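Using my numbering, read the sequence shown as starting at 5 and increasing by one per residue.
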Amino acid sequence: MNHRELLLSASKKARFAFLSLPEGLQDEIIAGLDGQTLTLQSASALVKERGHSLSHEGIAGYYRALRTERRLLGVREEMSRIIAEYAKKPHKEALESLVNLAIATAATGLVDGSTKMKIDLAALVKALPQDQPAPVQPEPQAGEQKQSPESGPGLSEQAAEEIRKKVLGIR
Numbered sequence: 005m006n007h008r009e010l011l012l013s014a015s016k017k018a019r020f021a022f023l024s025l026p027e028g029l030q031d032e033i034i035a036g037l038d039g040q041t042l043t044l045q046s047a048s049a050l051v052k053e054r055g056h057s058l059s060h061e062g063i064a065g066y067y068r069a070l071r072t073e074r075r076l077l078g079v080r081e082e083m084s085r086i087i088a089e090y091a092k093k094p095h096k097e098a099l100e101s102l103v104n105l106a107i108a109t110a111a112t113g114l115v116d117g118s119t120k121m122k123i124d125l126a127a128l129v130k131a132l133p134q135d136q137p138a139p140v141q142p143e144p145q146a147g148e149q150k151q152s153p154e155s156g157p158g159l160s161e162q163a164a165e166e167i168r169k170k171v172l173g174i175r
């Protein structure tokens, strides 16, 4: 997919003056910027030399949008591959892996500022079929004591500690 097709297929269709340039010149500029043989200023000079008018800011805006769409395309392709791979695994293992991947991706993208993403974990959990329903705890009979929270359903202290160490990085 070339740069024009990629940007024109984007969900947010922006209008770029860059697209008014002849396609050959567009391709030459993008190839030069990708190969780092052109700077934005030299690309603007090339445009003027060929008899057109477009500032380096106009070129920069288009190129920035192109790089963003390339990253998004790469992420979509990688997520499709990962989801297909996880589809073969047991549901619980797949869910744990996908949640860990989503957390790692979000954390990395948020730290470097390259990603703005929203992950609806509740929707992710609901989308996966459940292996089996949670066991129902019987009500205590007369004379029996109610189970303490430590022995009832939920995380044991050991499991909570493992989550703190592995997922949250708290020691």
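Just so it is clear, CB atoms sit at the ideal spot from N, CA and C, and this is done for glycine as well.
Model, not experiment: these values are computed from the prediction.
| Check | Outcome |
| --- | --- |
| Cα separation between Q45 and L105? | 40 Å |
| Indicate the three-state DSSP secondary structure (helix, strand or coil) for R19 in the structure shown. | coil |
| List the whole-angstrom C-beta distance separating A69 from L11, where the pair is believed to meet the contact cut-off of C-beta under 8 Å. | 6 Å |
| If you drop the 5 nearest sequence neighbours on each side, which residues of the same chain put their C-beta closer than 7 Å to that of E82? | none |
| Within this structure, are the beta carbons of I58 and L25 separated by less than 8 Å? | Sequence inspection shows Leu at residue 58; the Ile mentioned does not correspond to that position. The answer is yes: Cβ separation under 8 Å. |
| Assuming contact is defined by CB atoms lying nearer than 8 Å, are A21 and G62 in contact in what I supplied? | yes |
| Considering only the alpha carbon of each residue, which of A64, A88, L99 and V79 lies closest to G113? | V79 |
| What number of angstroms, rounded off, separates the C-alpha of M5 from the C-alpha of E100? | 34 Å |
| Is the beta carbon of G36 sitting closer than 8 Å to the one on L29? | no |
| Three-state secondary structure (DSSP) at L70? | helix |
| Do I33 and L50 have their beta-carbon atoms positioned less than 8 Å apart in this structure? | yes |
| Apart from the five residues on each side of it in sequence, which residues of its chain come closer than 6 Å, Cβ to Cβ, to H7? | I34 and L70 |
| According to DSSP, simplified to helix, strand and coil, what is G36? | helix |
| Just reading off the alpha helix (DSSP H) that R54 is part of, what are its end residues? | Taken as a continuous stretch (DSSP letters only), R54 belongs to no alpha helix (DSSP H), as it is neither H nor E. |
| Find the nearest neighbour of E27 within the set G65, P94, H60 and E9, judged by alpha-carbon distance. | E9 |
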